[in-house]
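Residues in the sequence shown are numbered from 116 upward in steps of one, following the working numbering.
Backbone N, C-alpha and C fix where the C-beta goes; we use that ideal spot for every residue, glycine too.
Here the structure is a predicted model, which is why all the values come from computation and not from measurement.
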Amino acid sequence: MFVSENLSVNEKGNLTIGGTDTVELAKQYGTPLYVMDEQAVRKACQRFKNSIDKYYGGQGLACYASKAFSCLEMCRIVASEGMGLDAVSIGELYTAVKAGFDTSKIGFHGNNKTDEELEYAVDVKVGHIIVDNISELLRLEEIAKSKNVKPDIMFRIKPGIDAHTHDFIKTGQIDSKFGFALETGEAFEAVKRAIACENVNLMGLHCHIGSQIFDIDPFEEAGKVMLNFIAKIKNELGYEIKGLNLGGGFGIKYLNQHDPAPFETYMERVSEVVKNTCSELGITRPYIFIEPGRSISAPAGITLYTVGARKEIPNIRTYISVDGGMADSPRYILYKSEYEAIVANKATEERTEKVTIAGKCCESGDLIGENMPLQHAESGDIIAVCATGAYNYSMSSNYNRLQKPAVVFVNNGESRIAVKRETLDDIIRNDI
Ligand code: LLP
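See the structure below:
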């Protein structure tokens, strides 16, 4: 009935998430409120892990892409499921370290890492650093030499695959700021330089073709391209690349009409392609990494708002204004992303209207969505926006000096705060 499996309706007619009444959550913690369902996160982690076991003989590691949603509690939950982690900044790394994450399972990303970030990654002994460009390789080599260590690295490669998704979240094509290009020979030259370095160990290659991808074909294509490159390195340089990171990007259901391939199917098909291509090319099967972000956190989350004003503009549209907006939910203004919304205290009622849900920021584009089917909403109603667990909290801002909402985890009917709501003093805490 609803877009995410963990949503339901209780005997009061209120929307529930993970068995917890969302209207009660709004009362207890206030709105806007991010709610995350712990069991949904855990189940998603288990699906990734089990699929690697089943289809690729356990010779791989699923690393949660923490840019999707990171806080101490999320890192602790993901760690307890035996996952690895993908961090893209010293802040994400620091969060994972403070959560007690096993750093040997962390891959450190970034297309423009600072020396401070590289030093920190080396000091906390991340499992591998995914090097994006030559200047980074040379700086890392220097840092590692000065510390007398030899960190494992991977190279970020642009496989030249066009994934069918929004332009802003495509990354595998040649015109991208991320990684080394294959077509131009840049990647091959970089591999030669890395092999010649004494203080880094090139253990793998990485690619990520984009995000919110529904189709498995481009993932298969990317796998083949990368394995061919691994074979070229073996044949021409006599060097064995042992790890292959195929990135993340698995699409999720934001609306009922969305139909992403189940992750198990992805893993089954990609494993087949990897096994077959390795036999054809006569290379050893690599250890595989994948980096799901959205598919782990998005369906687990919802955002709750309280309705303020209702504004009907005859023959034009009806605006329902809520107490949050682009500061906590920036994906509409950035990507025109679509979501399902439900009046949480009228969850059994028909959706009789199509409305524009607007935020409270001083900006016309500050919308949660347009043309959204919704139950008749009035001032004081609670609206739940579904599948918001990825790239909302993590991309939230203090625009208009709004306080960032709290994050609450629910678990089998219980709830607990994971991130406190910002106070007014938090808003000025760094002001002098
Ligand atoms: N690995 C790498 C190297 C990435 O760049 C990303 C996402 C992921 C993994 C995880 O992708 P996922 O499984 O979450 O699709 N802010 C945008 C999404 C940006 C994705 C950036 N990279 C959004 O809100 O849709």
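State the CB to CB distance for the pair residue i and residue j, rounded to an integer number of angstroms; the pair is presumed to be in contact (CB under 8 Å).
i	j	result
residue 314	residue 256	5 Å
residue 493	residue 425	6 Å
residue 460	residue 138	5 Å
residue 508	residue 522	6 Å
residue 435	residue 472	5 Å
residue 179	residue 408	7 Å
residue 410	residue 504	Not quite, the Cβ-Cβ distance comes to about 10 Å (not below 8 Å), so this is no contact.
residue 225	residue 234	Not quite, the Cβ-Cβ distance comes to about 13 Å (not below 8 Å), so this is no contact.
How long is the line joining the alpha carbons of residue i and residue j, rounded to whole angstroms?
i	j	result
residue 495	residue 141	11 Å
residue 293	residue 202	15 Å
residue 184	residue 379	23 Å
residue 119	residue 415	8 Å
residue 366	residue 337	16 Å
residue 399	residue 368	36 Å
residue 536	residue 288	39 Å
residue 241	residue 383	29 Å
residue 532	residue 149	10 Å
residue 330	residue 153	28 Å
residue 196	residue 377	20 Å
residue 332	residue 404	18 Å
residue 127	residue 230	56 Å
residue 468	residue 489	5 Å
residue 479	residue 428	15 Å
residue 297	residue 463	54 Å
residue 345	residue 511	39 Å
residue 248	residue 457	45 Å
residue 487	residue 432	11 Å
residue 452	residue 391	37 Å
residue 520	residue 541	12 Å
residue 446	residue 326	13 Å
residue 169	residue 339	21 Å
residue 307	residue 395	24 Å
By Cβ distance below 8 Å, which residues in the same chain neighbour residue i in space, the five residues on each side in sequence not counted?
i	result
residue 269	222, 243, 244, 245, 246, 317, 318, 319, 320, 321, 358 and 360
residue 259	237, 265, 266, 314 and 315
residue 538	518
residue 309	246, 252, 268, 270, 315 and 317
residue 77	Shown here, the chain extends from 116 to 547; a query on residue 77 therefore has no answer.
Taking 8 Å as the cut-off, is the CB of residue i close to at least one heavy atom of the ligand LLP?
i	result
residue 326	yes
residue 416	no
residue 243	no
residue 320	no
residue 378	no
residue 246	no
residue 274	no
residue 295	no
residue 162	no
residue 180	yes
residue 173	no
residue 207	no
residue 201	yes
residue 408	yes
residue 358	no
residue 449	yes
To which residues of the same chain is residue i closer than 6 Å at the C-beta, ignoring the five residues directly before and after it?
i	result
residue 135	525, 528 and 530
residue 362	322, 323 and 406
residue 312	256
Taking the alpha carbon of residue i as the reference point, which residue from the options has its own alpha carbon closest?
i	options	result
residue 174	181, 163, 182 and 180	163
residue 342	176, 272 and 547	272
residue 397	389, 403 and 404	389
residue 213	143, 470, 194 and 539	194
residue 227	239, 205 and 209	205
residue 347	300, 161 and 431	300
residue 364	165, 395, 375 and 462	375
residue 117	370, 516 and 544	370
residue 442	151, 540, 482 and 144	482
residue 502	520, 159, 417 and 430	417
residue 477	440, 450 and 304	440
residue 216	169, 350 and 187	187
residue 514	234, 544 and 444	444
residue 454	198, 305 and 373	373
residue 350	328, 381, 177 and 303	303
Just to confirm my understanding: we take residue i, look at its own chain, exclude 5 residues before and 5 after, and list those with CB closer than 7 Å. What are they?
i	result
residue 211	181, 190, 200, 202 and 221
residue 207	181, 182 and 185
residue 155	121, 133, 414 and 415
residue 438	146, 147, 420, 421, 423 and 475
residue 262	237
residue 192	153, 156 and 157
residue 219	240 and 242
residue 466	488, 489 and 490
Taking only beta-carbon atoms, is residue i less than 9 Å away from chain B?
i	result
residue 412	Reference to chain B is not applicable here, since this structure consists of a single protein chain.
Is the beta carbon of residue i within less than 8 Å of some heavy atom of the ligand NAP?
i	result
residue 198	Ligands displayed in this structure: the ligand LLP; the ligand NAP is not among them.
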